[in-house]
Amino acid sequence: MWIQQQPNAPAPLADLQGRAVGIKFECNKCHTEVFTDLIGVPAPNDQADSPAHADNHEIEEVKCPGCEMTHTLEVDSTFDGVTFKVSEVQPGSVSYQVAEPK
């Protein structure tokens, strides 16, 4: 089931930490729906000296199959939750799906 990323509300960390997710979004350039490979959700840095320094992120790139535009995907993980950022897309057009454990 695809879950719409809320622009101002991170996804619950407890649901995603240590899991892999697929991301889908609509390319701004050609409006093709793009699906990513599975991306790991990093855990926040629990060794950080303050919550402000606990952020951890994973960065990937994916090419749109419709126009070959390269989009940068960033998975930001904090103790407040997980945010998925995709370059060159409309706010509110990013969804994620948690991979089923094997």
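Numbering (the working numbering), first residue to last: 143 to 244. We put the beta carbon where it would ideally sit given N, CA and C, even for glycine.
Judged by DSSP in its simplified three-state form, Leu-180 adopts coil rather than helix or strand.
For Ser-229, the CB contacts under 6 Å within the same chain, skipping 5 residues up- and downstream, are His-213, Thr-214 in chain order. Judged by DSSP in its simplified three-state form, Asp-157 adopts helix. When Phe-226, Asp-222, His-173, Cys-209 are compared, the shortest CA-CA separation from Glu-200 is found for Phe-226. Across the set Phe-177, Gly-160, Lys-171, the C-alpha of Phe-177 shows the shortest separation from the C-alpha of Trp-144. By a beta-carbon distance limit of 8 Å, Val-217 contacts Val-183. Their separation comes to about 6 Å.
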